[in-house]
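Engineer:
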Amino acid sequence: MPKYVMWGHYCDNVLEKRAPYREAHLAGLSAQKQAGTLLTLGPTQDTTMVFGLYEAESEAQVRAWVEGDPYWQHGIWTDYQIREWIQAF
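Taking our numbering, the leading residue of the sequence shown gets 540, the next gets one more, and so forth.
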């Protein structure tokens, strides 16, 4: 199954603004992880960007997961890009 990389940016003051949505965000990620579709996801050390690695049938499926996340829906993630990734080894 193809793998996809997601890079995005966080809003300003992310640590404060994410608080109301964090529990729902983490619950959704946990469900994706248990289903085997989300391999990893997290912020950069400076909390300006987010990185995710997914295994999915299509880029559209990954976009649906990203856009269904409370962080996207509430502006915590301000933009994102998805690229199909070739795992060399």
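Even glycine gets a Cβ: it sits at the ideal position worked out from N, Cα and C.
Keep in mind it's a predicted model, so treat the numbers as computed, not measured.
Nearest-angstrom Cα distance between E596 and W546?
Structural biologist: The count along the sequence shown starts at 1 and reaches residue 596 at position 57. The count along the sequence shown starts at 1 and reaches residue 546 at position 7. When rounded, the distance between both Cα atoms is 19 Å.
Engineer: Closest to H603 by CA distance: which of A558, D551, H548, Q571 is it?
Structural biologist: Within the sequence shown, the letter at position 64 stands for residue 603. The sequence shown places Ala at residue 603, rather than the His named in the question. Nearest C-alpha to A603: Q571.
Engineer: Grab me the residues of T617's own chain with a C-beta within less than 8 Å of its C-beta, minus the 5 sequence neighbours each way, in chain order.
Structural biologist: The count along the sequence shown starts at 1 and reaches residue 617 at position 78. Closer than 8 Å at the Cβ level, and outside the excluded window around T617, lie G547, H548, Y549, C550.
Engineer: My parser needs the beta strand (DSSP E) runs of 3 or more residues fully inside the region 540-598; what are they?
Structural biologist: For the region 540-598, whole beta strand (DSSP E) runs of length 3 or above, ordered along the chain, are 542-549, 577-582, 588-594.
Engineer: Assuming R622 and V553 form a contact by the criterion Cβ under 8 Å, report the distance between their Cβ atoms to the nearest whole angstrom.
Structural biologist: Position 83 of the sequence shown, counted from the first residue, corresponds to residue 622. Position 14 of the sequence shown, counted from the first residue, corresponds to residue 553. 23 Å between Cβ atoms; not a contact.
Engineer: With a threshold of 16 other CB atoms inside 10 Å of the CB of L565, please say whether the residue is buried or exposed.
Structural biologist: Here the question's residue 565 lines up with position 26 in the sequence shown. So L565 ends up on the exposed side.
Engineer: Considering only their Cβ atoms, is the gap separating G581 from G591 smaller than 9 Å?
Structural biologist: Position 52 of the sequence shown, counting from 1, holds the residue named residue 591. Position 42 of the sequence shown, counting from 1, holds the residue named residue 581. Cβ atoms of G591 and G581: closer than 9 Å.
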